[in-house]
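Under mature numbering (1 follows the signal peptide of the UniProt record, and there is no 0), the residues of the sequence shown are numbered -21 to -1, 1 to 563, in order.
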Amino acid sequence: MHGKNRWTILLLLSLSLIACGGGGGDDGDDDDDHESGPGVSDVNGTHRVLAFNDLGMHCADLDYSTFVILPPFNVIHSQVVARGNPPRLLDSSEVQLSYLATTDPSGSINSTSQNLAGSIDKTNFWDTNPNTGKSFVFDLFGDDPAPDEGLMFEQNMPGILNPYSANDPQPFNHYNETKKWFSAEGIPILPIDDSGQLNAYPLMRVSAQELNSEDSLASLDVVLPVASEADCQNCHAAGEIAAPTDSEIPFELPDDINDSNSVLQAAKQNILLLHDAEHATNLVASKPVLCASCHYSAALDLNGSGPTGSQLNQDSMSEVMHRHHGELTDESSGEPIFPSDGTLQQTCYQCHPGKVTQCLRGAMGGAGIECADCHGSMLAVGREERSPWLDEPRCESCHTGDATNHLGSSIRLSQAWTDDIDTATPRIASNKRFAENDNSLYRNSLGHGGVACEGCHGSTHAIWPNANPQANDNLASIQLQGHAGTVSDCATCHTSLPLTLSGPHGMHNVNSRSWNLDHEDFYEADPDSCRSCHGANLQGTVLSQTATDRTYLRDDDGERSLFLAKGTAVSCTLCHEYPEEEDD
């Protein structure tokens, strides 16, 4: 039998882009039994806050005087972990959560969505509509919240009491007993910071306190992604393809060609004019128009009631927008205006944020994945059979299994569907190692120890790590474990644990000296458990890559060590000869 001191590698070390954080177990290693290395933070503190945005991007209009697709409505979900052996999720009977604005590394902070007279103009959402004498928000949504107060759940901006001066902690107003997370839903943040600069990725600091206490147990800085980037003017500005100068429709020019909002509002006016002409409506005279008042939008149906009233006789918002634009052709060439195989800039980013915002910015974007690789073309998204916001690609559609049991030619696929791009039916894998919960989306799924998948992997469209090392999205994972990327260091939540293969997705202990020196028995008991991430030949795969630079001890007395750079595919032979499966 090989000596245990010769077994010094990490089996199943890090699941790279697709691994959750931490091993499982009830007792074992001491708290100081962790490897040292660049970028690994000291493990201290009694609690951890995990916080995440539900969608990875919330769109919101800035000007509500013409037509509106979405109001300012952002969401933070958060869980609180009491570190221990084992760690434990805390509920609303034990802790309370709050959020306030915090300054990002560039100096940007966003504490209020109110305007600063004569200086900063963020929105007219709460302003009075001169045509009705009521606020735009009331005309559109039938509610009249105070400036900086959100719709429905009364979540406020931190500066509500004294804009541009106050930054008061705001409580999370809901606790989800089923998901075991706290929620702040409807925060009316906009992509303009308190200096009047655009910032689609502002930070909020989420803090956990014991009940009736102001002392913070732990905190985390999380991005509230929000964008107003819309390029309607690309097609609908007077003189462009959807507003030709020879049309009988009186398309409008902007009041100020140098003002971006003036250009956008003129284009939106032209859209209403076109809609009235083609569908015999009277929208121009009915401004402001909420598109969802006729075209059902699941994004605004927070109660899940389904279409009601006039929505029952119309196609959904997603269907009419995606299908209509997907079917458009150039009259001169007959070619699609938005080709199914077009680039991101030619298709999705013509309407979605976007060319500046770069909504798809996480690990998928960094790997060259584009929207259509997951969602299909506009025709696919606009299919009548598709339920918007519910029929989405699944993690398992590309992460179909492990190194020895997966679909396709590689462990990780780069396209979530198997049929044509205009249908894009998500692939369903038989190996559920990386699948979401049954009948649940990634953003609603729970994993290891009841922790939300987004708590360890990051928000949708912003899966850690962001390839930009300066991105605000990376800050939360860095604060949790000392380096950007999937939360994979067990010590984030565990103060100690035994050697185990019961971690998330079947992982073993990560960043553990004891595992490095004493994992021989696991291989001898079940070699295939090692091959599932290190490969059939145990030479390493994308599933065994180091999550950060690591230095490992190669013997008990610490006289020999091995440095592995971030991204190294860990193999047995980095430290010792190829293992034998039979006892000597």
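Glycine residues also receive a C-beta, built at the ideal position from the N, C-alpha and C atoms. Nothing here was measured: the structure is a model prediction, and the numbers come from that model.
Three-state class that DSSP yields for residue i in the structure shown
{"i": "Cys432", "result": "helix"}
{"i": "His555", "result": "coil"}
{"i": "Cys469", "result": "helix"}
{"i": "Asp225", "result": "coil"}
{"i": "Trp443", "result": "coil"}
{"i": "Gly305", "result": "helix"}
{"i": "Ala544", "result": "coil"}
{"i": "Leu(-9)", "result": "With a pLDDT of 30 at Leu(-9), under the threshold of 50, the predicted position of this residue should be treated as unreliable, though the coordinate-derived value follows. Leu(-9) falls in the coil class under three-state DSSP."}
{"i": "Thr402", "result": "coil"}
{"i": "Val549", "result": "coil"}
{"i": "Asp9", "result": "Confidence at Asp9 is low in this model, with a pLDDT of 40, below 50, so the placement of that residue should be treated as unreliable; the coordinate-derived value is given next. Correct three-state label for Asp9: coil."}
{"i": "Pro315", "result": "strand"}
{"i": "Trp494", "result": "helix"}
{"i": "Glu128", "result": "strand"}
{"i": "Gln329", "result": "helix"}
{"i": "Ser15", "result": "Low per-residue confidence applies at Ser15: pLDDT is 33, beneath 50, and the placement is therefore not dependable, though the value from the model is reported in the following sentence. In the structure shown, Ser15 sits in coil (DSSP, three-state: anything other than H, G, I, E or B)."}
{"i": "Arg539", "result": "coil"}
{"i": "Arg422", "result": "helix"}
{"i": "Asn451", "result": "helix"}
{"i": "Val335", "result": "coil"}
{"i": "Asp200", "result": "strand"}
{"i": "Ser114", "result": "strand"}
{"i": "Ser456", "result": "helix"}
{"i": "Ser297", "result": "helix"}
Proximity of residue i and residue j at Cβ, strictly below 8 angstroms
{"i": "Asp225", "j": "Gln329", "result": "no"}
{"i": "Ile316", "j": "Met183", "result": "no"}
{"i": "Glu219", "j": "Val74", "result": "no"}
{"i": "Ser114", "j": "Lys101", "result": "no"}
{"i": "Ser207", "j": "Pro148", "result": "no"}
{"i": "Gly426", "j": "Pro483", "result": "yes"}
{"i": "Thr287", "j": "Gly355", "result": "no"}
{"i": "Ala278", "j": "Trp368", "result": "yes"}
{"i": "Gln176", "j": "Ser239", "result": "no"}
{"i": "Asn261", "j": "Phe230", "result": "no"}
{"i": "Asn488", "j": "Thr479", "result": "yes"}
{"i": "Ser319", "j": "Ile400", "result": "yes"}
{"i": "Thr81", "j": "Asp194", "result": "no"}
{"i": "Thr465", "j": "Trp443", "result": "yes"}
{"i": "Cys353", "j": "Ala414", "result": "no"}
{"i": "Lys247", "j": "Thr45", "result": "yes"}
{"i": "Thr383", "j": "Ala408", "result": "no"}
{"i": "residue 623", "j": "Ala544", "result": "Limits of the chain in this structure are -21 at one end and 563 at the other, which puts residue 623 out of reach."}
{"i": "Gly129", "j": "Ile166", "result": "yes"}
{"i": "His498", "j": "Ser550", "result": "no"}
{"i": "Val60", "j": "Leu41", "result": "no"}
Whole-angstrom C-beta distance between residue j and residue i, which should lie under 8 angstroms
{"i": "Ser90", "j": "Asp173", "result": "6 angstroms"}
{"i": "Gly340", "j": "Ala455", "result": "In the sequence under discussion, the amino acid at residue 340 is Arg, which differs from the Gly named in the question. Not quite, the Cβ-Cβ distance comes to about 14 angstroms (not below 8 angstroms), so this is no contact."}
{"i": "Asp33", "j": "Arg422", "result": "5 angstroms"}
{"i": "Pro50", "j": "Phe120", "result": "7 angstroms"}
{"i": "Ala179", "j": "Thr336", "result": "5 angstroms"}
{"i": "Ser376", "j": "Arg406", "result": "4 angstroms"}
{"i": "Cys469", "j": "Ser491", "result": "7 angstroms"}
{"i": "Ile168", "j": "Met136", "result": "7 angstroms"}
{"i": "Met131", "j": "Cys338", "result": "In fact, because the Cβ distance is near 24 angstroms, the residues do not count as touching under 8 angstroms."}
In DSSP terms, what residue i is bridged to
{"i": "Cys38", "result": "Ala206"}
{"i": "Tyr43", "result": "BP columns for Tyr43 are empty, so no partner."}
{"i": "Gln149", "result": "Tyr78"}
{"i": "Leu269", "result": "Val47"}
{"i": "His378", "result": "Arg391"}
{"i": "Leu478", "result": "Paired residues: none, contrary to the question."}
{"i": "Thr107", "result": "Ser114"}
{"i": "Ile171", "result": "Leu177"}
{"i": "Leu386", "result": "Answer is none; Leu386 lacks a bridge partner."}
Residue range of the beta strand (DSSP E) that includes residue i
{"i": "Ala80", "result": "74 to 81"}
{"i": "Leu187", "result": "Contrary to the premise, residue 187 reads as Ala rather than Leu in this sequence. It spans 182 to 189 - the beta strand (DSSP E) in which Ala187 sits, taken as one unbroken run."}
{"i": "Ser57", "result": "53 to 61"}
{"i": "Ala30", "result": "26 to 31"}
{"i": "residue 637", "result": "Residue 637 lies beyond the stretch modelled for the chain, which goes from -21 to 563, so this question has no answer here."}
{"i": "Gly165", "result": "160 to 166"}
{"i": "residue 564", "result": "Nothing can be reported for residue 564: it is not among the residues displayed for the chain, which extend from -21 to 563."}
N-terminal and C-terminal residue of the alpha helix (DSSP H) that residue i is part of
{"i": "Tyr502", "result": "499 to 504"}
{"i": "Asn240", "result": "239 to 258"}
{"i": "Ala359", "result": "357 to 360"}
{"i": "Leu532", "result": "Unbroken run through Leu532 is the beta strand (DSSP E), 529 to 532; no alpha helix (DSSP H)."}
{"i": "Met343", "result": "342 to 345"}
{"i": "Gln324", "result": "From DSSP, Gln324 is part of no alpha helix (DSSP H); its letter is neither H nor E."}
{"i": "Asn213", "result": "212 to 215"}
{"i": "Thr352", "result": "A quick correction: the sequence has Asp, not Thr, at residue 352. From DSSP, the alpha helix (DSSP H) with Asp352 extends over 350 to 354."}
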